[in-house]
Amino acid sequence: MVVWFVAGLWGFFLCLGIISHVAGFWGIVAGLFLAPITFVAAPLYAGFEHGNWFPLILNYGGGVVAMVLMGIGGAMRGDD
Numbered sequence: 002m003v004v005w006f007v008a009g010l011w012g013f014f015l016c017l018g019i020i021s022h023v024a025g026f027w028g029i030v031a032g033l034f035l036a037p038i039t040f041v042a043a044p045l046y047a048g049f050e051h052g053n054w055f056p057l058i059l060n061y062g063g064g065v066v067a068m069v070l071m072g073i074g075g076a077m078r079g080d081d
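Counting the sequence shown from 1 gives a position; this note's numbering is that position plus 1.
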């Protein structure tokens, strides 16, 4: 759960930084109100436009790693 929270929060602030660089203050305001779109579009933009794939890896890879760790923990505990 901690991995999911940290990766998600770090990824979201990284996405807001990307939007701030591209669209300025009002881009951040719009990004906060349109959070799901921000979380999807900003990492893709950074990857394709600037060749920086780290935001995409952080956002989606962090979620995958967190789900795998929760699955392993559930299997060890005996959850179905």
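For glycine and all other residues, C-beta sits at the position ideal for the given N, C-alpha and C. Just so you know, these numbers come straight off a predicted model, no measurement behind them.
Name the two residues that bound the continuous alpha helix (DSSP H) containing Leu35.
-> Locating residue 35 in the sequence shown gives position 34, where the first residue counts as 1. Counting along the chain, Leu35 falls outside any alpha helix (DSSP H), and DSSP gives it neither H nor E.
Return the residue from the list Gly74, Gly75, Val69, Gly64 that minimises the CA-CA distance to Phe40.
-> If you number the sequence shown from 1, residue 40 lands on position 39. The shortest C-alpha separation from Phe40 is found at Gly64.
Cβ atoms of Ile20 and Ala31: under 9 angstroms apart, would you say?
-> Within the sequence shown, the letter at position 30 stands for residue 31. Within the sequence shown, the letter at position 19 stands for residue 20. The answer is yes: Cβ separation under 9 angstroms.
Hey, Ala8 and Leu59 are a contact pair by Cβ (cut 8 angstroms); roughly how many whole angstroms apart?
-> On the sequence shown, residue 8 is found 7 positions in, with the first residue counted as 1. On the sequence shown, residue 59 is found 58 positions in, with the first residue counted as 1. Going by Cβ atoms, the distance from Ala8 to Leu59 rounds to 6 angstroms, so yes, they are a contact pair.
Give the C-beta separation of Pro44 and Pro56 to the nearest angstrom, bearing in mind that I take them to be a contact with Cβ-Cβ under 8 angstroms.
-> In the sequence shown, residue 44 corresponds to position 43, counting from 1. In the sequence shown, residue 56 corresponds to position 55, counting from 1. 4 angstroms between Cβ atoms; contact.
At which residues does the alpha helix (DSSP H) containing Leu70 begin and terminate?
-> The residue labelled residue 70 in the question sits at position 69 within the sequence shown. Where Leu70 is concerned, the enclosing alpha helix (DSSP H) stretches over 63–78.
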